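Shown next, in structure tokens, is the structure this report addresses.
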Amino acid sequence: MPCCPSCTSKQTVKNGHIHTGKQRYLCRTYGRQFVEDPTNKIIDTETRELVDRLLLERISMAGIARAVQVSEQ
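Mind the numbering: the sequence shown is residues 1 to 73 in our numbering, read in order.
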């Protein structure tokens, strides 16, 4: 089992899966949930500005997400 990234405890248990299918773990000591190798997709500022401009044009959030190829979240 992987160590907790917050407290480095080895008292972790499996706790389901995230939406991408990766295993989620729960730290029994700290109570924190985590994924062993997270893949954070950072959206650059240029794309953020484009989304903001498209929102001002009253385009739906789902339409913007599809056009810019980012998640609605």
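Don't be surprised by glycine CBs; every beta carbon is placed ideally from N, CA and C. Remember, predicted model here, so these are calculated numbers, not experimental data.
{"Item": "Would you say T29 and Q11 are within 7 Å of each other, going by their C-beta atoms?", "Value": "yes"}
{"Item": "Taking the Cβ atom as the reference point for each residue, do A65 and E57 lie within a distance shorter than 7 Å?", "Value": "no"}
{"Item": "Hey, would you say L26 sits closer than 7 Å to V35, going by beta carbons?", "Value": "no"}
{"Item": "I need the DSSP call for G21, collapsed to helix, strand or coil.", "Value": "coil"}
{"Item": "Excluding sequence positions up to five away, which residues of its chain have a Cβ less than 8 Å from the Cβ of R24?", "Value": "K14, N15, G16, H17, I18, Q33, F34 and V35"}
{"Item": "Does the separation of the CB atoms of I42 and V70 fall below 7 Å?", "Value": "no"}
{"Item": "What's the C-alpha gap between G63 and K22?", "Value": "27 Å"}
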